[in-house]
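Below you'll find the structure, written out as structure tokens, and then a few comments.
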Amino acid sequence: MNTQKILNIILAAVIVILLLKVNSTKDITADVDKPDDKQAERVDFTDIPKINIGHHSGVYPTPTTVVGTKVNGKTNWIAIAHIGNIGFECLVLSIHKSHFSNVGIKKNKTLSVNMISESMMIPADFVGMKSGKDVDKSDVFEYFEGELKNAPMIKASPITMECEVIDIYDTEHHDNFVVKIKNTYVSQTVLDENNNIDYFKVKPLLFEMPKKRYFKVGDYVGGAWKEGAKYDVK
Ligand SMILES: Cc1cc2nc3c(=O)[nH]c(=O)nc-3n(C[C@H](O)[C@H](O)[C@H](O)COP(=O)(O)O)c2cc1C
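Under the working numbering, the first residue of the sequence shown carries the number 3, and numbering increases by one thereafter.
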């Protein structure tokens, strides 16, 4: 074997080792233990002066969902981003009293909550722009039914929950529906080997006010119930 051949083999081996190294640093679970220091630097607002901008909610981004109902026997879809967890099995949906969906939700006491992926942005935005009072939105999403009546669930949604209304918290302009999740249907491909949902695969569409824009999920920056262990207690 001449020297040139030996050099080529060494070069190829070095390239293979380098490629293996790059791939191993792409292991996202490993990143959980390595928060991005630059990120931590950027989010220190301690010395930045505060301005009072009034009584605006600053709790954004929130996930975009589409709620499925039946109004007068017909399927209706509404985009809802003012949604929150209550404990582990209940949700609250804040829906303006003027909306068409409320009529069906109050009558049936059932609904579905469908997580919206980035790829579903256009139809989800559409059902947030048009009211069922003016437009028949029943065909916007293909749906399936579960155990509950009048809670159509979107086939294209990676996570969909059929829910029962257990309370309505009334505020000046909104019906705040407290709902209990009865069943959660998840597309197989977004579950990991332990049946946990992988949100990098769900690609939830995030929403913010008041600029009314959609975002996508970014990177891991740390492990919850883990990073705090590094806090230096004084
Ligand atoms: C991304 C997005 C999120 C929305 N979130 C809410 C919400 O949380 N509460 C609400 O009352 N309306 C919300 N809306 C507005 C309703 O979806 C919209 O007014 C809809 O047309 C009402 O439909 P309906 O009258 O058929 O029920 C949202 C709209 C968009 C585009």
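Just so it is clear, CB atoms sit at the ideal spot from N, CA and C, and this is done for glycine as well.
As the structure is a prediction and not an experimental result, all values here were calculated from the model.
{"Query": "C-alpha gap between Tyr-2 and His-101, whole angstroms", "Result": "Because the chain spans 3 through 236 in this model, residue 2 falls outside it and cannot be assessed."}
{"Query": "Straight-line Cα distance separating Val-137 from Ile-88", "Result": "32 Å"}
{"Query": "Per-residue burial, Asp-46 [other beta carbons within 10 Å of its own, 16 or more giving buried]", "Result": "exposed"}
{"Query": "C-beta contact flag for His-176 and Lys-76 at 8 Å", "Result": "no"}
{"Query": "Identity of the residue in Lys-218, Lys-232 and Ser-159 nearest Thr-191 by Cα", "Result": "Ser-159"}
{"Query": "From Val-235, Pro-212, Tyr-222 and Trp-227, residue whose alpha carbon lies closest to that of Ile-55", "Result": "Pro-212"}
{"Query": "DSSP beta-bridge partners of Gly-70", "Result": "Trp-79 and Ser-114"}
{"Query": "Beta-carbon spacing of Ile-107, Phe-209 below 8 Å", "Result": "no"}
{"Query": "Boundaries of the alpha helix (DSSP H) in which Tyr-201 is found, first to last residue", "Result": "201-204"}
{"Query": "Beta-carbon proximity check, Lys-182 vs Ile-170, cutoff 8 Å", "Result": "no"}
{"Query": "Three-state class that DSSP yields for Pro-65 in the structure shown", "Result": "strand"}
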